[in-house]
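As structure tokens, the structure follows; a few thoughts come after it.
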Amino acid sequence: MNEKAMFQLTYGLFVLTARTGEKDNGCIINTAGQVTAAPNRISITVSKDNLTHDMIMESGKFNLSVISERTDFELFRRFGFQSGRTADKFAGYSSCRRSGNGIYYITEGTNAYISAVTEQTIDLGTHTMFICSVEDMDLLADAPSATYAYYHSSIKPKPEKSTESGRTVWRCTVCGYVYEGEELPEDFVCPVCRHPASDFEKVIG
Ligand code: FE
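The letter at position 28 of the sequence shown is residue 35 when you use my numbering, and the numbering goes up by one with no holes.
Here you go:
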């Protein structure tokens, strides 16, 4: 069995936003797709670690903003690499607007948004899959949608080239952060994206 076959699946990238009470929040997901056309339904799958997950469980509704190739790493830093439990992700952020359901959608670096309500939830252990009906949607720009492969090739920061040859560094495969040192501590957590040591690769300069 060649597990690399999984890498041949393509994924889009999305900002998933929700609102409960006065709290606005959002996270990045790569797990959205249309599942039926009539009625028009989409599915999203969200980690239970995300505050946005709990907010959608509570409110039953969300917006999905489709990230385009005209985005930048800051969008991922803001919505993907910090937790809504400790940060207000919309603080000082103006590239958003509220749709008819009262929830923000993202207007910069995106090409469409979809407003949906939850019909069914499926408990998948670490994640919940939500089957949802589409209530509203609009196009925002004509830039192509970003894929997960495009994120890795063109959006995440390129590691700085080492001037000293023979030096070993560890690079975060999610965000590109570089840790300098021969050995990466087992309990190391990426300071940018919060991913663990297992998501780092050894790079020999
Ligand atoms: Fe990282």
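Backbone N, C-alpha and C fix where the C-beta goes; we use that ideal spot for every residue, glycine too.
According to DSSP, is S66 helix, strand or coil? Helix, per DSSP.
CA-CA distance, F97 and M8? Each residue's Cα considered, the two are about 44 Å apart.
For the beta strand (DSSP E) that contains F137, what are its first and last residues? Taken as a continuous stretch (DSSP letters only), the beta strand (DSSP E) holding F137 covers H134 to L146.
Taking only three categories from DSSP, how would you classify G87? In the three-state DSSP reduction, G87 falls in the helix class (H, G or I).
Neighbour-count burial assignment, R104, 16 or more Cβ in a 10 Å radius: R104 counts as exposed, since fewer than 16 other C-beta atoms from the protein chains shown sit within 10 angstroms of its C-beta.
Contact set for K55: own chain, Cβ-Cβ below 7 Å, skip 5 residues either direction: Counting only Cβ-Cβ distances below 7 Å, and skipping sequence neighbours, we find T133, H134 and T135.
Considering only the alpha carbon of each residue, which of C182, K209 and Q41 lies closest to G87? Of the listed residues, the one whose Cα sits closest to G87 is C182.
Within the chosen definition, does the segment 99-114 reach the segment 177-194 through at least 3 CB pairs nearer than 8 Å? Between the segment 99-114 and the segment 177-194, the count of Cβ pairs shorter than 8 Å is below three; the stretches do not touch.
Just confirm the distance between the C-beta atoms of I110 and N70, as a whole number of angstroms; I'd bet it's less than 8 Å. With 8 Å as the limit, I110 and N70 qualify as a contact, their Cβ atoms being about 5 Å apart.
Per DSSP, A123 forms a beta bridge with which residues? Note: A123 is bridge-paired with F69 and V141 in the DSSP secondary-structure output.
Identify the residues that DSSP records as bridge partners of I36: which are they? In DSSP, I36 forms a bridge with F21.
Excluding the 5 residues preceding and the 5 following Y158 in the sequence, name in chain order all residues of the same chain whose CB lies nearer than 7 Å to its CB. Closer than 7 Å at Cβ, skipping near neighbours: L20.
Within a Cβ cutoff of 7 Å, which residues of the same chain sit near D61, ignoring the five residues on either side of it in sequence? By the criterion of a C-beta distance shorter than 7 Å, D61 is surrounded by no residue of its chain, once the five residues flanking it on both sides are discounted.
So, under 8 Å CB-CB, N118 and S152 are touching, yes? Tell me the CB distance rounded to an integer number of Å. About 6 Å separates the two Cβ atoms, so the contact holds.
For the beta strand (DSSP E) that K209 lies in, which residues bound it at each end? Taken as a continuous stretch (DSSP letters only), the beta strand (DSSP E) holding K209 covers F207 to I211.
The beta strand (DSSP E) with I49 in it runs from where to where? That run of the beta strand (DSSP E) goes R48 to S54.
Between V199 and R84, what straight-line distance do the alpha-carbon atoms span, to the nearest angstrom? Each residue's CA atom was taken as its position, placing V199 and R84 some 8 Å apart.
Hey, out of S205, K209, I51 and E193, whose CA is closest to E187's CA? Nearest C-alpha to E187 among S205, K209, I51 and E193: K209.
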